[in-house]
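Asker:
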Amino acid sequence: MTEKKQLIINAFAMQSPSHLNPGLFRYPTDQGPDYKNIKHWIALAKKLEDAKFHAIFFADVLGGYDVYRGPVSLDPTIPAGAQFPINDPLYSVPAMAAATEHIGFGVTASTTYDAPYALARRFSTVDHLSKGRVGWNIVTSYLDSAARNFGLDTQVEHDERYRIADEYLDVTYKLWEASWRDDAVTFARDGFKNQPYADPKAVRQINHKGKYFQVPGPHLCEPSPQRTPFILQAGTSTSGKAFAAKHAEAVFLHAQKPELVRPSVDSIRQQAAELGRNPQDIKIVAGALVIVAETDEAAQAKFDELKTYGDREGALALFGGWTGYDLSTYDDDQDFRFVELPAVRSMVNHWASTVPGTEGQKWDKKTIAEYLTLGGNGVKIIGSVKTVADELERWVSVGDVDGFNFSYASLPDTFDDVIQLLLPELQRRGLFWSDYAVKGGTLRENMYGKKGQARLPDAHPGAKYFWKEGEEFSTEKPHIPNSDPTRLPILGPTESGRVRDAELVSVAETLMLVYTTFSTSAAFLDSDWCVAAGSPSFA
1 MTEKKQLIIN AFAMQSPSHL NPGLFRYPTD QGPDYKNIKH WIALAKKLED AKFHAIFFAD
61 VLGGYDVYRG PVSLDPTIPA GAQFPINDPL YSVPAMAAAT EHIGFGVTAS TTYDAPYALA
121 RRFSTVDHLS KGRVGWNIVT SYLDSAARNF GLDTQVEHDE RYRIADEYLD VTYKLWEASW
181 RDDAVTFARD GFKNQPYADP KAVRQINHKG KYFQVPGPHL CEPSPQRTPF ILQAGTSTSG
241 KAFAAKHAEA VFLHAQKPEL VRPSVDSIRQ QAAELGRNPQ DIKIVAGALV IVAETDEAAQ
301 AKFDELKTYG DREGALALFG GWTGYDLSTY DDDQDFRFVE LPAVRSMVNH WASTVPGTEG
361 QKWDKKTIAE YLTLGGNGVK IIGSVKTVAD ELERWVSVGD VDGFNFSYAS LPDTFDDVIQ
421 LLLPELQRRG LFWSDYAVKG GTLRENMYGK KGQARLPDAH PGAKYFWKEG EEFSTEKPHI
481 PNSDPTRLPI LGPTESGRVR DAELVSVAET LMLVYTTFST SAAFLDSDWC VAAGSPSFA
């Protein structure tokens, strides 16, 4: 008999009045408006740790949703609190980590609008302060509003963003893994009076010279518990899946049915194997909104009540940002199953064929808005404890997923219901652990369920850079090879030759030098807009 998987269960959140629930901050018990209060996040982290959640996964965006009723209008977004305003989640992690011991924290950060030298320092800092409990959700960003605010006329082309990201990861791996030898820090409290803090012969430059970045190093931080933070990524485009297969340790995927997510799961794992990785080193985590109650009827009634607080205009603003299309230009009775926009028509027909209870229904703006109000474009699993547990188990058996990112309709009420009603049933079925696999361990150890796995698995491409204890130091510049450019083809260098990261030239300015002639493709077509904002991509 095949042993059941022990599910990975994360909370999916955003430091904003609402995440995938525009307008729900109005619900009487919703705590979304407390997003700016650190005590709110500490209390949530402690609650989720008591329930044995693996991690809190923070989505993030770097611009506002300004396509709907545009061009460039935030009028529908601001009243709905639709992922606006929004704080940077990384800065709250040390406080949450100080109040907990086991739960991990996944934080979204972009490879398009930040310098790898600076980002590596921030994540090393938080990895130290959290004792190795931080993960990096890698995104390439997708909003035109973000591009404009970083000095670009429009976004860098989709596949080119992934080529930049591939080299970006190469730089950070070198900083985290190759710049400090494992035994570089020699200071000991019981040592001699004039002892040094670290051995200068065990700290070196990385001398990265690539197509996009030039970073001499060394890394500003000494090795943290994980060195490289646990790597998360999402996206179902061809480039997104190839990137995930090469770099990711956990992949965030979405679909309405497990049958639809399985092809992406199989593709990513097959590509990982072809790259020499263990396919099981990539954990597949599906996004879902779970509304659970004592009976199916009670759960549906709860869902229906919550939906009355949703903001339809805010939902359509999110749709505009995710797809790049402004539905306000269409009549209210337009059926988008037959609209002339291929991307929108494909998405809506997908919903029409997979969302329960919508057979033969007209998909006009009102229908789309109501559907997106709770849980975004992701699957909604609504029902009794048995109904929900059965469906989650089906996702595991049919979709071959390893766990779930649970979003919320009302914060923290949705999580309270999951904790009090659902998790005991999953534990009874042998699907969820009763305690952390490695108490006080790193995020990587608990995601893999393996004590001692604080560092990247040996077959991961970043592991080849690890500077082991006792390895000889060369007075010459070390030869640290760049990643294979044939994996993700890269275009030529900038006018000046390379990105001058070490000279503190902003990534946005550099990209302007390289990509002034590029125009962006529709966000829907890139199928990766979910990873930052937390809305599921159309698989």
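The C-terminal position of the sequence shown is numbered 539 in the UniProt record's numbering, with every residue numbered one higher than the one before it. Beta carbons are placed, not taken as given, at the ideal position from N, Cα and C, and that holds for glycine. Just so you know, these numbers come straight off a predicted model, no measurement behind them.
1) With DSSP collapsed to three states, give me the class of residue 379.
2) How about residue 293 and residue 384: are their beta carbons less than 9 angstroms apart?
3) Name the residue from 55, 459, 16 and 175 whose alpha carbon lies nearest to the alpha carbon of residue 436.
4) Between the region 126-143 and the region 86-94, can you find at least three pairs of beta-carbon atoms closer than 8 angstroms?
5) Using 8 angstroms for Cβ pairs, my map puts residue 113 next to residue 150. What's the rounded Cβ distance?
6) Sort 87, 10 and 48 by Cα distance to residue 36 and report the nearest one.
7) By the 10 Å Cβ neighbour count, where 16 or more other Cβ atoms means buried, how is residue 453 classified, buried or exposed?
8) According to DSSP, is residue 108 helix, strand or coil?
9) Just the C-alpha distance for residue 341 and residue 71, rounded to the nearest angstrom, thanks.
10) Could you check whether the region 77-87 touches the region 96-113, counting it as contact only if at least three pairs of C-beta atoms, one from each stretch, sit closer than 8 angstroms?
11) DSSP three-state call for residue 459: helix, strand or coil?
12) Please name the residue or residues paired with residue 57 in a DSSP beta bridge.
13) Excluding the 5 residues preceding and the 5 following residue 316 in the sequence, name in chain order all residues of the same chain whose CB lies nearer than 8 angstroms to its CB.
14) Of the choices 307, 140, 433 and 245, whose alpha-carbon is the least far from that of residue 374?
15) Would you mind sorting residue 194 into buried or exposed? The rule is 16 or more other CB atoms within 10 Å of its CB.
16) By how many angstroms is the C-alpha of residue 33 removed from the C-alpha of residue 16?
17) Spatial neighbours of residue 457 within its chain, please: C-beta separation below 6 angstroms, excluding the five flanking residues on both sides.
18) Excluding the five sequence neighbours on either side, which residues of its own chain have a C-beta within less than 7 angstroms of the C-beta of residue 432, listed in chain order?
19) So, helix, strand or coil for residue 538, using DSSP?
20) Between residue 206 and residue 174, which are expected to be in contact by the criterion C-beta below 8 angstroms, what is the C-beta distance as a whole number of angstroms?
21) Could you give the DSSP three-state label for residue 395: helix, strand or coil?
22) Rounded to a whole number of angstroms, what is the C-alpha to C-alpha distance between residue 48 and residue 103?
23) Who are the near neighbours of residue 414 in its chain, counting only those whose CB is closer than 6 angstroms to its CB and skipping five residues on each side?
24) Assuming residue 234 is part of the beta strand (DSSP E), what are its boundary residues?
25) Under 8 angstroms by Cβ, that's how I've got residue 226 and residue 379 pegged, so tell me the actual separation to the nearest angstrom.
26) Within 10 angstroms of its Cβ, does residue 274 collect 16 or more other Cβ (buried), or is it exposed?
27) For residue 181, collect the residues of the same chain with a Cβ closer than 6 angstroms to its Cβ; drop the 5 residues on either side in sequence, then sort them by chain order.
28) From 439, 396, 462 and 332, pick the residue whose C-alpha is nearest to that of residue 3; which is it?
29) To the nearest angstrom, how far is the alpha carbon of residue 314 from that of residue 349?
30) When you compare the region 141-155 with the region 55-66, are there three or more beta-carbon pairs, one atom per stretch, that lie closer than 8 angstroms?
31) Alpha carbon to alpha carbon, how far is residue 18 from residue 24?
32) Which residues mark the beginning and the end of the alpha helix (DSSP H) in which residue 134 is found?
33) Is there a Cβ from chain C that is less than 9 angstroms from the Cβ of residue 70?
34) Taking 8 angstroms as the threshold, find out whether the region 234-248 comes into contact with the region 259-275 through three or more Cβ pairs.
35) What do you get for residue 319, buried or exposed, if any count of 16 or more other CB atoms within 10 angstroms of its CB means buried?
36) Return the residue from the list 164, 171, 57 and 220 that minimises the CA-CA distance to residue 134.
Answerer: Let's see:
1) strand
2) yes
3) 55
4) yes
5) 5 angstroms
6) 87
7) buried
8) strand
9) 18 angstroms
10) no
11) coil
12) 12 and 106
13) 68, 76, 327, 328, 365, 368, 369 and 372
14) 307
15) exposed
16) 7 angstroms
17) 281
18) 6, 7, 9, 423 and 426
19) Low confidence applies to residue 538: its pLDDT is 33, below 50, so where it sits in the model is not reliable enough to give any reading.
20) 4 angstroms
21) helix
22) 8 angstroms
23) 408
24) 230-234
25) Not really, about 31 angstroms apart at Cβ, beyond 8 angstroms.
26) exposed
27) 202 and 467
28) 396
29) 22 angstroms
30) yes
31) 7 angstroms
32) Where residue 134 is concerned, there is no enclosing alpha helix (DSSP H), although the beta strand (DSSP E) it sits in stretches over 134-139.
33) Absent from the structure: chain C. Only one protein chain is present.
34) yes
35) buried
36) 57
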